[in-house]
Structure formats: structure tokens, C-alpha cells
């Protein structure tokens with residue numbers, strides 16, 4: 003899985019400014035063209051790393067992504083919301099699962115973004131273990147002040 007925000011390649015632990023992550027990242031995946039994949043993006047540090055009472059906050063869910071293609075070719079189940087950490091350094095985790103079969107619209111979006119659990123989600127859909135993961139860090143950017 004290759005993830006890019008603008009011209010920045012996302013590698014584990016790199017810093018991404020929320021201002022360049024307003025739009026969904028460009029993601030390409032490997033695999034076989036006749037297989038399908040599911041992508042989940044979460045923030046395990048919401049609302050703050052010291053008190054993650056909303057863990058995990060889900061930012062994005064895309065299913066039925068054909069192998070050897072772009073996530074843009076999948077079905078967006080939950081629309082993308084970029085990183086907006088209110089305080090501290092937050093981790094944003096992208097997890098890719100191989101599906102056993104196409105979802106074909108059977109999946110409904112979660113009722114709330116807070117308290118999502120990737121593990122439970124994967125278990126309910128029989129997705130097994132992740133085939134790829136990457137995470138990045140982000141923190142609140144200072145506001146531009148006009149004097």
C-alpha cells in the first residue's frame with residue numbers, strides 16, 4: 003500500500019500537517035485484480051493522547067477496492083474527514099484488509115465516528131488480519147494571525 007498526501011509519501015511515524023490532509027490521500031494497493039480490499043482510517047488518540055475517551059475515531063471507510071488499483075475505485079462507505087487534532091500529537095492509522103468477497107452494498111456506515119473498533123469491524127465482516135498498515139502523526143497547526 004502506497005499513501006500520498008499531496009507530494010508527501012506517508013511512511014510509518016512521519017508527520018503530516020492537517021492543512022495538506024484536508025482531501026483524501028492518494029492510495030494505491032497491490033494484490034490481485036480479481037480480489038477486493040477494505041480500507042479503514044482511524045485516530046486512536048481522540049480527543050487527546052492522554053485521555054483518548056473517544057478511541058477509536060473513524061475517519062474513513064472504503065470497501066470493494068479492486069487489487070492492483072487505487073482506493074478511489076472502491077466504494078466509500080464512510081466519507082473522508084481529514085485529521086483535526088485538538089490537542090497533542092495524534093496517530094492516524096490506515097489499515098487495509100483483503101475481503102473474502104465483494105461487499106456489494108451490504109455494509110452500512112457506523113452510526114457514530116467515535117468509539118469505533120477496527121478489530122470488531124474486521125471480525126464482523128470476516129476480514130481476518132490486515133494485509134497492510136501505515137500510520138502518521140499530526141498535531142494542531144498554529145492559526146495564522148493577522149495584525
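In this note's numbering, the protein residues as written are 3 to 149.
The beta carbon of each residue, even a glycine, is placed where N, CA and C say it ideally should be.
Bear in mind that the values here come from a model prediction, so they are computed numbers and not experimental data.
- When secondary structure is reduced to three states using DSSP, residue 86 falls in the coil class, being assigned neither helix nor strand.
- Taking each of 9, 27, 35, 141 in turn and checking the Cα distance to residue 63, the smallest one comes out for 27.
- In this structure, DSSP gives residue 124 a helical state, which the three-state scheme calls helix.
- Looking at the DSSP output, residue 45 bridges to 59.
- Put simply, of 115, 87, 5, 110 the residue whose alpha carbon is nearest the alpha carbon of residue 71 is 5.
- DSSP places residue 111 in the coil class of the three-state scheme, outside both helix and strand.
- Straight across, the Cα-Cα distance linking residue 76 with residue 54 is about 30 Å.
- Under the criterion of beta carbons closer than 8 Å, residue 49 and residue 56 qualify as touching, at roughly 6 Å.
- The alpha-carbon of residue 17 is positioned some 5 Å away from that of residue 139.
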